[in-house]
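As they're listed, the protein sequences go chains A and B.
Residues in the first sequence are numbered consecutively from 1, following the working numbering.
Residues in the second sequence are numbered consecutively from 1001, following the working numbering.
So the structure is just underneath, and the comments pick up after that.
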Amino acid sequence: MNTQHPEPPALFTYTLRLGDDALVSAQRMGGWIAAGPQLEEDVALGNIGLDLLGQARALLTYAGDVEGAGRGEDALAYLRDERDFLNAQLFELDNGDFGFTIARLLVASSYQWELYSRLQSSADETLAAIAAKAVKEVAYHRDHATQWTLRLGDGTDESHGRMQRGLDDLWPYVDEVFESDDLVARLAADGLAVDPATLREPASSYVEKVLAEATLEVPETNVRHTGGRRGIHTERMGYLLAEMQYLARAHPGATW
Amino acid sequence: MVTTVPPVEEVRATVAAVPDPEGPVLTIEDLGILRDVTVDDAGHVEVTITPTYSGCPAMDAIRADVGAVLAERGLDDVEVRLVLSPAWTTDWMSDAGKQKLLDYGIAPPQPRGDGATVMVTLSLRCPQCGSPDTRELSRFGSTACKSLWVCNACKEPFDHFKTH
C-alpha cells in the first residue's frame, strides 16, 4: 500500500458490518439474563444471544482474515473504538422494556432471515457457509419474536400499548438496515454481498403481516436515523462498548 | 511421537468415542459433528468437526477432549479443524444416537424433511411414559439445541433435542 491511509478492502468492511450487527445484538440480549419477565424468557433471550455471538465470532474472524493485518475476532471485538464499529444504530439502542426488545427482535430477525437466505448463495464460500448456518438460527429467533408479538399485541390493553410504544420508538431506526451504498452495491454486483435495499420489501412484508395479525399499527414516521455503517452512533453505543470491552482492556491478553 | 502409526480406522474409532460434553450420553459421532479423520505416515492427525449451532460453547471443550484422547494413544501431533459447510442438521444424528437420547429421557429430533426452515413439531412422545399427549413449555432449554416440554399424562417435564 502506498497511500498513508489506505482504504480497507470492501469485503472486510462488509463482513465487519454484519459481524458488528450480530455482536452488538448479542451484547444486548445478554442484558436480559436474570432480568426477563419469566425464567423461560431469560433462557430464550440468552440462547438467542448465544447464537448471535457465534455468528459474530465467525464473521469477525473472517473479517480479520480478509483484512490480513493480524487482527483476530478478539482484537476486532474488544480493541476497536466507537467510530470503527459499523453496526446499524437499531442494534445498539437500549433494551427498553420487553415490548421494545420484542419489537426490535421481530424487525432484526426478519431482516437477518431475508439477508442470510440470500447470502447462502454468495460467490464467497466463507460468507455462504456462515449464512447457511445463521439462517436456520435466525428463523427460530423470528418465530420466537412473532409468537410474542401476537401474544402481546393481541393481549391486554397494557401489553398492546407497550408493544405499540416499542414499535413507535423503534421505527425511526428501522430504515437504516435497508440502506444501500456504493460499497455494498459493488460487492452485490460481483455476487459476493446482498444489497440491503433488496431486503426492504420482503422483510417489511413479513413484519407488517405479523403486526396486522397482532392488531398493531405499522408506525408512521418521517424521522430516519442513520450513520452506523459509517461509524456514527447514538449516545448508547459508548456505554455498551465500555461494558463489553472493559475486561479485555483492563487486562490485556487475559485468557481463562 | 509414535514409532508405529496406528491405522486410520483405529484413530477414528478413538476420536468417534469422545462424548458430547453437554450430553455425555452421546458421542460426537452419534451427534453427527465428526466429519473426517485422517492420519499421515508421520503420525499427523487431522480431525474435522462441525459445530451444531454457531454459538455452541461445547466446541472448545470437544477440541480439547479430542486432543486428550489422542495424546493418551501417543498421538500428539493433532490438528482439529472446524468447518461450517455444509451446515449441521439433526438429520446427521445416528439412529443409535437417537435411541440413546430416548433411553436417557430426552425426546430425540424428528426428520427435517426438505426445504422448510422452521420445523413445526406436531406431536412428541413423552420419553418417560410414551404418551403422545405432551406440550411445549419453553422453546428454549438448557442448551442451544434443546427445548423444554411436559407430558400431560405422567406430568413429567422433559427435554427435546430440537429438530434443526
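Note that the Cβ used here is the ideal one computed from N, Cα and C, for glycine as well.
- In this structure, DSSP gives Arg1073 of chain B a state outside helix and strand, which the three-state scheme calls coil.
- The beta carbons of Leu1084 of chain B and Thr1050 of chain B sit closer together than 8 Å.
- Buried is the label assigned to Lys133 of chain A, since at least 16 other Cβ atoms lie within 10 Å of its Cβ.
- For the 8 Å CB-CB criterion, Asp181 of chain A and Leu86 of chain A do not form a contact.
- Residues of the same chain with a CB within less than 8 Å of the CB of Asp195 of chain A, apart from the 5 flanking positions on each side, are Ser180, Val184, Ala185 and Ala188 in chain order.
- Taking 9 Å as the cut-off between beta carbons, the residues of the segment 1141-1158 of chain B near chain A are Gly1141, Ser1142, Thr1143, Ala1144 and Leu1148, in sequence order.
- Boundaries of the alpha helix (DSSP H) harbouring Asp1095 of chain B: Asp1095 to Tyr1104, taken from the DSSP string.
- Residues of chain A whose Cβ lies closer than 9 Å to the Cβ of Gly1055 of chain B are, in chain order, Ala26, Asn47, Gly49, Leu50, Asp51, Leu52, Leu53, Gly54, Gln55, Ala56, Arg57 and Glu137.
- For Glu1029 of chain B and Tyr1104 of chain B, the gap between their C-alpha atoms comes out near 17 Å.
- In this structure, DSSP gives Arg1112 of chain B a state outside helix and strand, which the three-state scheme calls coil.
- In the DSSP assignment, Trp1149 of chain B falls outside any alpha helix (DSSP H) and within the unbroken beta strand (DSSP E) covering Lys1146 to Cys1151.
- DSSP lists B:Thr1038 and B:Glu1079 as the beta-bridge partner residues of Glu1046 of chain B.
- Contact annotation: in the segment 1086-1097 of chain B, residues whose CB is within less than 9 Å of a CB in chain A are Pro1086, Ala1087, Trp1088 and Thr1089.
- In the structure shown, Thr255 of chain A adopts coil according to DSSP, grouped into three states.
- For the segment 221-252 of chain A, there are no residues whose beta carbon sits under 9 Å from a beta carbon of chain B.
- By the C-beta density criterion, Gly253 of chain A is exposed, having fewer than 16 other C-beta atoms within 10 angstroms.
- Taking the Cα of His160 of chain A as reference, the smallest distance to any Cα among A:Ala58, A:Leu211 and A:Leu115 is reached at A:Leu211.
- Beta-bridge partners of Ala1107 of chain B (DSSP): B:His1160.
- Under the three-state reduction of DSSP, Leu1137 of chain B is assigned to strand.
- Spanning the alpha carbons of Thr1090 of chain B and Glu235 of chain A requires a straight line of approximately 43 Å.
- Under the Cβ criterion (8 Å, minimum of three pairs), the segment 32-51 of chain A does not count as touching the segment 77-91 of chain A.
- Arg1081 of chain B has a beta carbon lying at 8 Å or more from every beta carbon in chain A.
- Proximity of chain B to Val43 of chain A at the Cβ level (cut-off 9 Å) is accounted for by Ser1138, Phe1140, Gly1141, Ser1142 and Leu1148, in chain order.
- Under the Cβ distance rule, Leu1084 of chain B counts among the residues neighbouring chain A, one pair being separated by less than 8 Å.
- Residue burial is scored here from C-beta neighbours: Gln147 of chain A has fewer than 16 other C-beta atoms within 10 angstroms and is therefore classed as exposed.
- With a threshold of 16 other beta carbon atoms within 10 Å, Tyr140 of chain A meets it and is buried.
- For Arg28 of chain A, the uninterrupted alpha helix (DSSP H) segment begins and ends at Ala10 to Gly30.
- Close partners of Lys133 of chain A in chain B (Cβ separation under 7 Å): Ser1054, Leu1084 and Ala1087.
- Closest in C-alpha terms to Val1047 of chain B, from the list B:Pro1108, B:Ala1068, B:Arg1035 and B:Pro1007, comes B:Arg1035.
- Distance from Leu119 of chain A to Leu127 of chain A at the Cβ level is roughly 6 Å; contact confirmed, criterion being Cβ atoms closer than 8 Å.
- Taking C-beta atoms as the reference points, Pro9 of chain A and Glu73 of chain A fail to come closer than 8 Å.
- Annotation: Cβ neighbours of His1164 of chain B in chain A (cutoff 7 Å, chain order): Lys136.
- A direct Cα-Cα distance of roughly 20 Å separates Ala1107 of chain B from Glu137 of chain A.
- Counting only residues of its own chain and dropping the five nearest sequence neighbours on each side, Val1008 of chain B has a CB closer than 8 Å to the CB of Val1037, Thr1038 and Val1039.
- Among the CB atoms of chain B, one or more fall inside 8 Å of the CB of Glu40 of chain A.
- Rounded to whole angstroms, the gap between the alpha carbons of Pro1057 of chain B and Pro1021 of chain B is 10 Å.
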